[in-house]
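*Asks:* Can you keep this structure in mind? I'll have questions shortly.
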Amino acid sequence: MSFFRIQGSKNLSGGIRISGSKNSSLALMVGAALGEEDVVLTNFPQDLDAVVLAEILRAVGVKVEEQAPGRVLINGSGLRPAPIPYELARKIRGSFYIAGLMLARLKEAEIPLPGGCFLGPRPVDFHIKGFQALGAEVSIEHGLMKARMGTGTENRFFINRSSVGTTINLMYLASLTPGVFVLENAAKEPEIVDLAVLLNSMGARIRGAGTEVIRIHGMKKLKGSEHAIIPDRIEAGTYMMAIAATGGDAVLENVMPDHLRTPIMKLRETGTVVEVGETSIRVVAKEPLQSTDLETAPYPGFPTDLQQPFGVLMSIANGTGIIRETVFDNRFRYLDELTRMGADVKVDRDRAIIKGVPVLSGAPVETTDLRAGAALVIAGLAAEGVTLVSGVEVIDRGYEKIVEKLQGVGAEIERLHTTEDCKEVI
Ligand code: EPZ
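Just so we're on the same page, the numbering used here is the position in the sequence shown counted from 1, plus 180.
In structure tokens, the structure reads:
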């Protein structure tokens with residue numbers, strides 16, 4: 181178990197370079213294996229989820245090779261129907277993308293069902309219905325989804341509610357299934373567009389990505405390509421909140437401000453100044469922060485993945501803010517830890533009512549999931565005194581070099597590896 185020790189109350193200033201998108205990198209790694217030639221992905225982030233997915237891809241015969249930092253080569257020519265150990269699959273939800281890949285390339289798939297997680301139940305019923313619409317016969321046996329392509333594809337499918345993972349899996353399968361397939365109520369996230377750009381550069385014919393209706397012409401084969409992954413909008417949003425929470429003035433580089441329109445709008449409502457450049461964003465905190473209400477929604481709405489960092493801002497803002505979480509059932513657990521740092525919070529089903537306090541006080545806190553962990557880091561940076569965040573491996577799943585990046589803008593944060601280290605420093 182690793183820990184972060186944070187000495188709070190330091191203003192962040194300077195510059196942070198944003199990495200490639202974690203969630204895009206997962207979707208694109210699997211998408212790259214739809215072809216049988218070399219695909220090179222650049223601006224590739226170094227995070228643990230990609231390492232686990234690389235292990236899963238290798239287990240099914242796909243070559244994944246880091247050629248240089250940030251540059252990964254994928255070659256799907258060796259793809260074979262090998263079993264994926266549940267212990268590996270359960271670590272990341274992106275493992276279920278292998279289902280779409282295998283069905284598309286091998287016409288059959290046997291994949292462990294991902295199960296629930298800290299965010300609450302995470303079913304894959306939309307994915308399965310979509311596979312069936314594309315002609316798969318699917319059964320669930322002993323915790324596995326077994327699927328085989330039959331005949332008789334339907335030519336359209338409406339996803340019950342906007343789902344990123346379902347849209348990705350169906351884009352894979354439809355890209356190599358004969359005919360024209362129309363996906364309705366598709367997710368519009370920038371990661372979907374990034375996947376479409378990659379697949380089109382490999383010879384796929386995908387139109388409408390980024391809108392609710394995506395039209396996909398099935399091809400016989402896809403070829404090699406080289407593609408730069410988009411910047412991570414959630415990493416960027418997290419650092420924007422960190423700068424605002426600490427009274428800082430810092431610039432984020434290698435960002436696509438267009439992907440952050442709603443978080444920028446909400447941050448401005450707190451009084452924070454946000455200056456947008458072509459590929460950079462400057463955040464200048466204005467104290468005191470003002471409370472505002474927030475509701476999460478699929479893109480272009482406010483991302484559920486930034487709800488927790490924003491909750492920390494509300495906990496130290498002037499007034500009371502109400503946050504409504506509409507995407508996942510269980511994304512308020514970080515608020516229990518925040519309360520231990522002095523926050524004034526009430527949770528009523530999908531709503532959190534957060535009354536700002538003048539200052540948080542450092543305390544030992546525990547992470548539950550990736551974004552909750554990032555939120556607790558922000559709380560520690562803003563708080564008076566020392567905060568010890570435990571279980572930080574989960575933060576490494578999605579934030580490349582978070583300690584080094586924060587140190588680079590003046591934060592006093594260090595990684596500790598044993599509880600003995602912690603006793604000495606807290
Ligand atoms: C992706 O998860 C991201 N993960 C999540 O990022 C992100 O929070 C989420 O999209 C929403 O933006 C990756 O990209 C790897 P969904 P995904 O399918 O695809 C329900 C992070 O912290 N649903 O869009 O799993 C589902 O339960 C993470 O980086 C069904 O009911 O999310 C949820 O309520 C966590 N049945 C809603 O739809 C299904 O078959 C949206 O989920 C599929 C989804």
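For every residue, glycine included, the Cβ atom is placed at its ideal position computed from N, Cα and C.
Tell me, please, which residues DSSP counts as bridged to Leu469.
*Replies:* The partner list for Leu469 (beta bridge, DSSP) is empty, contrary to what the question assumes.
*Asks:* Got a sec? Which residues, its chain only, sit under 8 Å from Arg285 by beta carbon, not counting five neighbours each side?
*Replies:* Ala213, Leu214, Gly256, Leu259 and Leu356
*Asks:* Hey, out of Gly565, Tyr352, His597 and Pro443, whose CA is closest to Glu573's CA?
*Replies:* His597
*Asks:* Going by the CB atoms, is the gap between Gly310 and Thr333 shorter than 9 Å?
*Replies:* The Cβ-Cβ distance between Thr333 and Gly310 does not fall below 9 Å.
*Asks:* When the distance is taken between beta carbons, is Ile348 closer than 9 Å to Ala207?
*Replies:* yes
*Asks:* I'd like the list of long-range same chain contacts for Asn380, defined as Cβ closer than 8 Å, with 5 residues on each side in sequence excluded.
*Replies:* Ile386
*Asks:* Tell me the rounded alpha-carbon separation between Glu546 and Leu192.
*Replies:* 23 Å
*Asks:* Using 10 angstroms around the beta-carbon of Thr452, count the other beta-carbons present and answer buried if the total reaches 16, otherwise exposed.
*Replies:* buried
*Asks:* Looking only at its own chain, which residues have a Cβ that is under 7 Å from the Cβ of Ser541, when we skip the five neighbours before and after it?
*Replies:* Met521, Gly522, Ala563, Glu564 and Gly565
*Asks:* Alpha carbons only, please: which of Ala269, Val240 and Leu299 is nearest the one belonging to Ala552?
*Replies:* Leu299
*Asks:* Spatial neighbours of Lys368 within its chain, please: CB distance less than 6 Å, with the 5 preceding and 5 following residues excluded, ordered by chain position.
*Replies:* Gly390 and Tyr479
*Asks:* Residues in its own chain within less than 6 Å of Ser189 by CB, not counting five upstream and five downstream?
*Replies:* Taken in chain order, the residues that qualify are Glu564.
*Asks:* Using 8 Å as the threshold, is the stretch 194-209 in touch with the stretch 358-378, meaning 3 or more CB pairs across them?
*Replies:* yes
*Asks:* Quick check: the stretch 451-467 against the stretch 352-366, are there 3 or more CB pairs under 8 Å?
*Replies:* no
*Asks:* Which residues in the same chain have their Cβ closer than 7 Å to the Cβ of Phe508, if we skip the five residues on either side of it in sequence?
*Replies:* Leu299, Gly300 and Thr484
*Asks:* Could you check if Glu580 belongs to the surroundings of ligand 1, using beta carbon to heavy atom distance under 8 Å?
*Replies:* Result no, Cβ not under 8 Å from ligand 1.
*Asks:* Use the C-beta contact count for Asp438: other C-beta atoms within 10 angstroms, 16 or more gives buried, fewer gives exposed.
*Replies:* exposed
*Asks:* Is it buried or exposed for His322, if we count other Cβ within 10 angstroms and need 16 for buried?
*Replies:* exposed
*Asks:* Please classify Thr500: does DSSP put it in a helix, a strand, or coil?
*Replies:* strand
*Asks:* For Asp305, does the count of other Cβ atoms within 10 angstroms reach 16, so buried, or fall short, so exposed?
*Replies:* exposed
*Asks:* Can you tell me the Cα-Cα spacing of Pro292 and Tyr266, whole angstroms?
*Replies:* Cα to Cα, Pro292 sits roughly 6 Å from Tyr266.
*Asks:* With burial defined as no fewer than 16 other Cβ atoms inside 10 Å of the residue's Cβ, what is the status of Ile503: buried or exposed?
*Replies:* Here Ile503 is buried, its C-beta having at least 16 other C-beta atoms within 10 Å.
*Asks:* Which whole-angstrom value is the C-beta distance of Met329 and Leu283, which I expect to be below 8 Å?
*Replies:* 6 Å
*Asks:* Within 10 Å of its beta-carbon, does Ala269 have 16 or more other beta-carbons around it, so buried, or fewer, so exposed?
*Replies:* buried
*Asks:* Assign Glu267 to one of three DSSP states: helix, strand, or coil.
*Replies:* Looking at Glu267 - three-state DSSP - the assignment turns out to be helix.
*Asks:* Decide yes or no for the touch test of the stretch 428-446 against the stretch 225-232: beta carbon pairs closer than 8 Å, at least 3 of them.
*Replies:* These segments do not touch.
*Asks:* Are Arg336 and Val362 touching if we call contact CB-CB under 9 Å?
*Replies:* yes
*Asks:* Buried or exposed: where does Ser199 fall if 16 or more other Cβ atoms within 10 Å of its Cβ makes it buried?
*Replies:* Around the beta carbon of Ser199, 16 or more other beta carbons sit within 10 angstroms, so the residue counts as buried.
*Asks:* Mind listing, in chain order, the continuous alpha helix (DSSP H) runs of no fewer than 4 residues lying wholly within the stretch 302-371?
*Replies:* 305-313 and 344-355
*Asks:* Quick check: the Cα distance between Val360 and Ile308, rounded to an integer number of angstroms?
*Replies:* 19 Å
*Asks:* Going by CA-CA distance only, name the one from Gly195, Arg441, Leu237 and Gly499 that's closest to Arg413.
*Replies:* Arg441
*Asks:* Straight-line CA distance for Leu515 to Val525?
*Replies:* One C-alpha to the other measures close to 7 Å.
*Asks:* With a 10 Å radius around its C-beta and 16 neighbouring C-beta atoms as the bar for buried, classify Glu604 as buried or exposed.
*Replies:* With a pLDDT of only 43 at Glu604, under the threshold of 50, the placement of this residue in the model should not be trusted; the figure read from the coordinates follows. The residue in question, Glu604, is exposed, as its Cβ has fewer than 16 Cβ neighbours within 10 Å.
*Asks:* Which two residues bound the contiguous alpha helix (DSSP H) that contains Thr442?
*Replies:* Arg441 to Glu449
*Asks:* I'd like to check one pair, Met494 with Ser460: are the Cβ atoms closer than 9 Å?
*Replies:* no
*Asks:* Are Thr222 and Arg197 touching if we call contact CB-CB under 9 Å?
*Replies:* no
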